[in-house]
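Following: one structure in structure tokens, then a few remarks.
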Amino acid sequence: MPHDTVLISGAGIAGPALAFWLARSGYAVTVVEKAPALRLGGQAVDFKGEVHRKVLEKMGILDEVHRRQTGKTDLRIVDEHDRHLATMPGEFIGGDVEILRGDLTEILYERTADSCEYLFGDSVTAMTDTESGVEVTFEKSHARRFDLVFGADGIHSAVRRHRFGPEEDFVRFLGYYYAVVGTTDAVGAASFDRERATGLMYNEPGRMVVVGGPKAPELLVFASDPIDYDRGDVTEQKQLLATAYAGAGWRVPGLLAHLDDAPDFYLDSIARVETDTYTAGRVALLGDAAYGNTLGGFGTGLALVGAYVLAGELAAAAGGDHRVAFGRYDEQMHRYAKVARTGSAGPFLAPKSPTRITLRNWMFKSKILFGAMMKLTDFFATGIDLQDYPALRSAGRPGNVDHP
1 MPHDTVLISG
11 AGIAGPALAF
21 WLARSGYAVT
31 VVEKAPALRL
41 GGQAVDFKGE
51 VHRKVLEKMG
61 ILDEVHRRQT
71 GKTDLRIVDE
81 HDRHLATMPG
91 EFIGGDVEIL
101 RGDLTEILYE
111 RTADSCEYLF
121 GDSVTAMTDT
131 ESGVEVTFEK
141 SHARRFDLVF
151 GADGIHSAVR
161 RHRFGPEEDF
171 VRFLGYYYAV
181 VGTTDAVGAA
191 SFDRERATGL
201 MYNEPGRMVV
211 VGGPKAPELL
221 VFASDPIDYD
231 RGDVTEQKQL
241 LATAYAGAGW
251 RVPGLLAHLD
261 DAPDFYLDSI
271 ARVETDTYTA
281 GRVALLGDAA
291 YGNTLGGFGT
301 GLALVGAYVL
311 AGELAAAAGG
321 DHRVAFGRYD
331 EQMHRYAKVA
341 RTGSAGPFLA
351 PKSPTRITLR
361 NWMFKSKILF
371 GAMMKLTDFF
381 ATGIDLQDYP
391 ALRSAGRPGN
401 VDHP
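In terms of full-length UniProt numbering, the sequence shown opens at residue 1 and continues consecutively.
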């Protein structure tokens, strides 16, 4: 194997999934993650269709995903007086199987921890891609050389920025922001309809609030022009959210009053990655770094399929030629990830007018319209002829790997 040392930036889902396959193929894998430890809990993610199921089976984690799955939860769409307007079914939200992001990350980490080197609390600060390898500088660790580098570090990817160019060249803001807020007893628990085991969803033009839902304890989406804020300042972000929802009705004032008590908080823009290629030299992107579309509903499936295809093509290429493998990966995933290059979840979740809110609700009340939406999601989830890579199938289970 000519390329036997690899660096993966990001220990979310795409990174450990790729680490699983590459370690299984015999690569010495290092995973660097800026967080100090695994990020457990978080939003729910889901898988849908035969392609996703096959990848989970090939990884040997399908049964464990089912064992840890969340219960599919409907969302009751209500008005400001809690009157029922429509229901967003759990089968639409949660696919065939749904699991907390942190639980899936833990499953993948457990299957790679003994075969891969993990560097938590660190990040890539510079890269030099050469004919013979990639020289990488870290924030804390000493500089090292790798044969290949993979960016699985999210929509704000540092690897993409260092190797491909500035974020503004690849990430398109789609006119909305979203916030995930940890449950507060005063709002989240009180708003969860335990009798019906459903979450509640409320809309005003350009604003949405979900409490007790399957994807996050509290999820807010709001339309906005671009906002200049410090992504590391949670206090500023909470104030930004409070300003965006000033004057909102329903139970929103109670939620805002308890923002400071929320144990977890995350705010970011709804955006998508637009790039003609996922590879450059000895560097490749996958997951949200390559085909991210915030709240688009396909990110986790794309991440696992992309990791499988990328590792499979590397294993299948004659002599492990990364140039051939990268070309095949680019071609396959560019077709499959077309869903990530179109559409935006913002207008669907937080329509900007009462009429559009009503029309969105009618989509869930009409069997014909709902059936069409489900068929469309099936089409996108299964839109790849998933190859069987004998080199991955026959490779031994990863064992302990010595790292420098």
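A virtual CB, placed ideally from N, CA and C, is assigned to each residue, including glycine.
- Looking at GLY212, LEU241, MET374, ILE8, the one whose alpha-carbon comes closest to that of ALA158 is ILE8.
- Beta bridge pairing from DSSP links ALA44 with LEU100.
- Under a 10 Å Cβ-count criterion, THR30 is classified as buried, with 16 or more other Cβ atoms of the shown protein chains found around its own Cβ.
- Non-local C-beta neighbours of ALA19 in its own chain, meaning closer than 6 Å and more than five positions away in sequence, comprise ILE8, VAL29, VAL31, THR112, CYS116, ordered along the chain.
- Rounded to whole angstroms, the gap between the alpha carbons of GLY371 and VAL97 is 19 Å.
- In this chain, the beta strand (DSSP E) harbouring TYR118 covers 116-120.
- CA-CA distance, VAL6 to ASP330, rounds to 19 Å.
- Using a C-beta cut-off of 8 Å, the region 285-299 makes no contact with the region 353-372, since fewer than three inter-stretch Cβ pairs fall below that distance.
- Between the region 32-39 and the region 9-16, the count of Cβ pairs shorter than 8 Å is three or higher; the stretches touch.
- Boundaries for ASP268: no alpha helix (DSSP H) harbours it, while the beta strand (DSSP E) harbouring it runs 265-273, taken from the DSSP string.
- Beta-carbon to beta-carbon, PHE150 and LEU286 are separated by about 6 Å, close enough to satisfy the 8 Å threshold.
- Residue range 218-223 is occupied by the beta strand (DSSP E) that includes LEU220.
- Looking at the DSSP output, ALA307 bridges to nothing.
- Cα atoms of PHE173 and GLU274: separation of roughly 11 Å, rounded to the nearest angstrom.
- The three-state secondary structure of TYR178, taken from DSSP, is strand.
- Out of GLU135, THR243, ARG161, the CA that lies nearest to the CA of ALA179 is found in THR243.
- CA-CA distance, PHE298 to VAL339, rounds to 8 Å.
- Contact between the region 41-51 and the region 81-101 is present: 3 or more CB-CB pairs across the two stretches fall below 8 Å.
- The alpha-carbon separation between GLY343 and GLU110 amounts to approximately 35 Å.
- Beta-bridge partners of ILE77 (DSSP): ALA86, MET201.
- Within the region 307-372, the complete alpha helix (DSSP H) runs of at least 4 residues fall at 322-336, 345-349, 354-365.
- If you check the CB distance, PHE164 and ALA337 do not come in under 8 Å.
- Following the DSSP letters along the chain, one finds ARG144 inside the beta strand (DSSP E) bounded by residues 144-146.
- ILE8 carries a strand assignment under DSSP once its states are collapsed to helix, strand and coil.
- Residues VAL55 of the same chain have their beta carbon placed closer than 6 Å to that of TYR308, with the five preceding and five following residues left out of the count.
- Going by beta carbons, LEU267 and LEU240 fall inside the 8 Å limit.
- Under the DSSP assignment, ASP63 falls in the alpha helix (DSSP H) whose first and last residues are 62-67.
- Here the C-alpha atom of HIS81 lies approximately 19 Å from the C-alpha atom of SER353.
- Beta-bridge pairing by DSSP links ASP129 to VAL134.
- Here THR377 carries a helix assignment [DSSP, helix/strand/coil].
- In the displayed model, ALA17 falls within a helix according to three-state DSSP.
- In this structure, the beta-carbon distance from GLY346 to ILE227 does not fall below 8 Å.
- Secondary structure note for THR30: its beta strand (DSSP E) is the uninterrupted segment 28-33.
- The C-alpha of PRO205 is placed about 39 Å away from the C-alpha of HIS162.
- When DSSP states are grouped into helix, strand and coil, ALA284 belongs to the strand group.
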